[in-house]
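K.L.:
Got a structure for you, questions after.
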Amino acid sequence: MTRIYLDHSATTPLDPRVLEAMLPALGDLYGNSMSVHSFGRDAERTIEQARDTIARLLNCRPHEVIFTSGGTESDNLALRGPAQSARTDGRPFTLITTPVEHAAITVTARQLQQVLGAALRIVPVDHFGRVSPDALRAALQNLPPDGITLVSLIYANNEVGTLNPVAECAALAHEFGAIVHTDAVQAAGNFALDIDVLGVDMLSISSHKLYGPKGTGALVLRDGVDFLSSHSGARHEDYRRAGTHNTPGIVGTAKALEIARAELDDTTARLSALRDRLIDGVLSRVPDVELTGHPADRLAGHASFAFRSVESNTLLMILDQHGIAASSGSACKVGNPRPSSILEALGYGPDWTRGGLRLTLGRHTTQDEIDTVIDVLPDIIERTRKLSAISMS
Ligand SMILES: Cc1ncc(COP(=O)(O)O)c(C=O)c1O
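Taking the working numbering, the leading residue of the sequence shown gets 66, the next gets one more, and so forth.
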């Protein structure tokens, strides 16, 4: 059976050019970057070159790039750094975020509320999953004097692909003296991110979402942000993220970002055309389905749907039997089907919130693959509806 991989928002295959760039760091360049000898200095030089590349591509200063173990850790550092700084200085901490963030933000936010007494304000989103500057403005009112406020806003939604007006929201939040973080994990391979243009103070990226290695990423932390790292140990990354450097991962991150940037225009044009073909095909051939997320302001390779009276775990398993790898985009686990909290936040009712499907295209996706999915999906949905009726009753 030929397999079709349509889960690029979950992870991407390692680009062979990235692997090639990483090989020396997996071999001869094994020195510890903190060692004084030549082995250590070789590793350090390699890491600093990668840092320079990433800083150039994101338009920030090299020392503002902190290497991490990926998006989850970057998000954790971004939220915990200002929260701990506030706590240490005895200042009130307010975190303003949205109901459509990745678990790395939502779970951390709840922990900060419970453990550090952070005040949490959740800004509602519209039916597409987008925050409006007006809603953010409302959430920025009556902040405690002398407090630290952090706004954390997802750039591109992992489940429904919608893009947020990050630059506009960042400018607004700054008027109220807030620090601004964006989770750009899904956006990084899809846009020429420019920290100055976005106007954010912190930005998270993850390498494996852009054809780089897993377990590696970065947090951009601009100078002057109130930040006390939650990741303590030796003096790596200027005391902001302790732990021996993952030299191959760091080299891979820089190379992956470089390739994504060089090929951005071609990739975007190809993927958006395939995505639109897929969306049109599904909407015209399957009854009781809605496109979720914004129809135009969405990630190039991202198609997401809600099917009425469908249980997405069953759907994913049947798709898998047909060799099609997809996801629901939510944290559903087999045996524990839960409604998608993201679809709930977008206003979908109970008939729809268990029926999310995310089909995310990548560099190697072909038109034939898309046409195959369009051909088989109507029958698969019909079968799933029958099975879901049994399991949901
Ligand atoms: C928007 C978003 N943020 C954070 C993460 C976590 O990234 P990582 O897998 O590198 O920990 C993901 C991964 O799915 C994501 O989609």
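Even for Gly, the Cβ is constructed at its ideal location relative to N, Cα and C.
With DSSP run on the structure shown, which of helix, strand or coil describes Thr-77?
P.N.:
Walking along the sequence shown from the start, residue 77 turns up at place 12. Thr-77 falls in the coil class under three-state DSSP.
K.L.:
Assign Val-188 to one of three DSSP states: helix, strand, or coil.
P.N.:
Here the question's residue 188 lines up with position 123 in the sequence shown. Note: Val-188 maps to coil in three-state DSSP.
K.L.:
What are the complete beta strand (DSSP E) segments, minimum 3 residues, inside the region 336 to 394?
P.N.:
354 to 356 and 367 to 372
K.L.:
When you get a sec, list the residues whose CB is within less than 7 angstroms of any heavy atom of ligand 1, chain order please.
P.N.:
Selection output, chain order preserved: Ser-74, Ala-75, Gly-135, Gly-136, Thr-137, Glu-138, Asp-140, His-167, Ala-169, Ile-219, Asn-223, Asp-248, Val-250, Gln-251, Ser-269, Ser-271, His-273, Lys-274 and Gly-282.
K.L.:
To the nearest angstrom, how far is it from the Cα of Val-231 to the Cα of His-239?
P.N.:
Locating residue 231 in the sequence shown gives position 166, counting from the first residue. Locating residue 239 in the sequence shown gives position 174, counting from the first residue. Computed Cα separation, rounded: 12 angstroms.
K.L.:
With respect to the alpha helix (DSSP H) encompassing Val-44, which residues constitute its N-terminal and C-terminal limits?
P.N.:
This structure gives no information on residue 44, because the portion of the chain shown stretches from 66 to 458.
K.L.:
How about Asp-72 and Thr-425: do their beta carbons lie closer than 8 angstroms?
P.N.:
For the purposes of this step, residue 72 is identified with residue 7 of the sequence shown, where counting begins at 1. For the purposes of this step, residue 425 is identified with residue 360 of the sequence shown, where counting begins at 1. At the C-beta level, Asp-72 and Thr-425 come within 8 angstroms of one another.
K.L.:
Contact between the region 169 to 186 and the region 312 to 320: three or more CB pairs below 8 angstroms?
P.N.:
No, the region 169 to 186 does not touch the region 312 to 320.
K.L.:
Leaving out the 5 sequence neighbours to the left and right, which residues in its chain are closer than 8 angstroms to Thr-333 when beta-carbon positions are compared?
P.N.:
Here residue 333 is taken as the residue at index 268 of the sequence shown, counted from 1. Same-chain partners within the cutoff: Asn-255 and Ala-365.
K.L.:
Between Glu-355 and Tyr-276, what straight-line distance do the alpha-carbon atoms span, to the nearest angstrom?
P.N.:
Taking the first residue of the sequence shown as 1, we reach residue 355 at position 290. Taking the first residue of the sequence shown as 1, we reach residue 276 at position 211. Distance between the alpha carbons of Glu-355 and Tyr-276: 30 angstroms.
K.L.:
By the three-class DSSP mapping on this structure, what secondary structure does Asp-331 have?
P.N.:
Translated into positions along the sequence shown, residue 331 becomes position 266. Three-state DSSP puts Asp-331 in a helix.
K.L.:
Tell me whether Glu-85 is buried or exposed, calling it buried when 16 or more other Cβ atoms sit within 10 Å of its Cβ.
P.N.:
Counted from its first residue, the sequence shown places residue 85 at position 20. Exposed: under 16 other Cβ atoms inside 10 Å.
K.L.:
For Thr-67 and Leu-348, I'd like the C-alpha separation in whole angstroms.
P.N.:
Start at 1 with the first residue of the sequence shown, and residue 67 comes out as number 2. Start at 1 with the first residue of the sequence shown, and residue 348 comes out as number 283. Each residue's Cα considered, the two are about 25 angstroms apart.
K.L.:
If we count the other Cβ atoms within 10 Å of its Cβ and call it buried at 16 or more, is Glu-302 buried or exposed?
P.N.:
By 1-based counting over the sequence shown, the position of residue 302 is 237. Per the 10 Å Cβ criterion, buried.
K.L.:
Does DSSP put Tyr-70 in a helix, a strand or coil?
P.N.:
Taking the first residue of the sequence shown as 1, we reach residue 70 at position 5. Reduced to three states, the DSSP call for Tyr-70 is strand.
K.L.:
Please classify Val-216: does DSSP put it in a helix, a strand, or coil?
P.N.:
Position 151 of the sequence shown holds residue 216. Three-state DSSP puts Val-216 in a strand.
K.L.:
Is Gly-64 helix, strand or coil by DSSP?
P.N.:
Coverage of the chain is limited to positions 66 through 458, which leaves residue 64 absent and any answer about it impossible.
K.L.:
Rounded to whole angstroms, how far is the Cβ of Ala-283 from the Cβ of Val-130, which I believe are closer than 8 angstroms?
P.N.:
Numbered from 1 along the sequence shown, position 218 holds the residue referred to as residue 283. Numbered from 1 along the sequence shown, position 65 holds the residue referred to as residue 130. With a Cβ gap of about 5 angstroms, Ala-283 and Val-130 count as contacting.
K.L.:
Quick check on the DSSP output: the alpha helix (DSSP H) that includes Ser-103 runs from which residue to which?
P.N.:
Position 38 of the sequence shown, counted from the start, is the residue given in the question as residue 103. From DSSP, the alpha helix (DSSP H) with Ser-103 extends over 103 to 123.
K.L.:
Can you check which of these residues, Leu-339, Ala-90, Ala-338 and Arg-121, is closest to Arg-110 by C-alpha distance?
P.N.:
Start at 1 with the first residue of the sequence shown, and residue 110 comes out as number 45. Taking only the C-alpha atoms, the option nearest Arg-110 is Ala-90.
K.L.:
For Leu-343 versus Ala-391, is the C-beta distance shorter than 8 angstroms?
P.N.:
The residue you call residue 343 lines up with position 278 of the sequence shown. The residue you call residue 391 lines up with position 326 of the sequence shown. Not a contact, by the Cβ cut-off of 8 angstroms.
K.L.:
Please identify the residue among Gly-182, Ser-74 and Gly-242 whose C-alpha is closest to the C-alpha of Asp-266.
P.N.:
In the sequence shown, the residue the question calls residue 266 occupies position 201. The residue with the shortest Cα to Cα distance from Asp-266 is Gly-242.
K.L.:
Which term fits Thr-431, buried or exposed, when burial requires 16 or more other beta carbons within 10 angstroms of its beta carbon?
P.N.:
Here the question's residue 431 lines up with position 366 in the sequence shown. When all chains shown are included, Thr-431 counts as exposed.
K.L.:
Per DSSP, what are the beta-bridge partners of Val-130 in this structure?
P.N.:
The sequence position of residue 130 within the sequence shown is 65, counting from 1. Note: Val-130 sits in a beta bridge opposite Val-285.
K.L.:
If Arg-419 sits next to Pro-404, beta carbons under 8 angstroms apart, how far is it from one beta carbon to the other, in whole angstroms?
P.N.:
Against the sequence shown, residue 419 aligns to sequence position 354. Against the sequence shown, residue 404 aligns to sequence position 339. With 8 angstroms as the limit, Arg-419 and Pro-404 qualify as a contact, their Cβ atoms being about 5 angstroms apart.
K.L.:
By the 10 Å Cβ neighbour count, where 16 or more other Cβ atoms means buried, how is Val-216 classified, buried or exposed?
P.N.:
Within the sequence shown, residue 216 is the residue found at index 151, counting from 1. Val-216 counts as buried, since at least 16 other C-beta atoms from the protein chains shown sit within 10 angstroms of its C-beta.
K.L.:
According to DSSP, what are the bridge partners of Phe-193?
P.N.:
Taking the sequence shown and counting its residues from 1, the one referred to as residue 193 is at position 128. Answer is none; Phe-193 lacks a bridge partner.
K.L.:
Measure the Cβ-Cβ separation of Ile-383 and Ile-445 and say whether it is below 8 angstroms.
P.N.:
Looking up residue 383 in the sequence shown gives position 318. Looking up residue 445 in the sequence shown gives position 380. Yes. Within cutoff.
K.L.:
Can you give me the C-alpha to C-alpha distance between Val-316 and Ala-115, rounded to a whole angstrom?
P.N.:
As a working mapping, residue 316 is identified with position 251 in the sequence shown. As a working mapping, residue 115 is identified with position 50 in the sequence shown. Going by the C-alpha atoms only, they are around 6 angstroms apart.
K.L.:
Leaving aside the five residues before and after Asp-117 along the sequence, list all residues of the same chain whose C-beta is less than 8 angstroms from its C-beta, in chain order.
P.N.:
The count along the sequence shown starts at 1 and reaches residue 117 at position 52. Excluding positions up to five away in sequence, the list reads Pro-127.
K.L.:
Between the Cα of Ile-119 and those of Leu-142, Ala-108, Leu-268 and Ser-100, spot the shortest distance and give me the residue it belongs to.
P.N.:
For this step, residue 119 is matched to residue 54 along the sequence shown. Among Leu-142, Ala-108, Leu-268 and Ser-100, the Cα nearest to that of Ile-119 belongs to Leu-268.
K.L.:
Where do the ends of the beta strand (DSSP E) carrying Val-245 lie?
P.N.:
As a first step, residue 245 is located in the sequence shown; it is residue number 180 there, counting from the start. Residues 244 to 248.
K.L.:
Helix, strand or coil for Gly-421 per DSSP?
P.N.:
On the sequence shown, residue 421 is found 356 positions in, with the first residue counted as 1. Here Gly-421 sits in strand by DSSP.
K.L.:
Spatial neighbours of Gly-298 within its chain, please: C-beta separation below 7 angstroms, excluding the five flanking residues on both sides.
P.N.:
The residue you call residue 298 lines up with position 233 of the sequence shown. Result list for Gly-298: Ala-307 and Gly-308, in chain order.
K.L.:
Between Glu-409 and the rest of its own chain, which residues show a CB-CB distance below 6 angstroms, the 5 nearest in sequence each way excluded?
P.N.:
Taking the first residue of the sequence shown as position 1, residue 409 is located at position 344. Contacts found: Thr-418.
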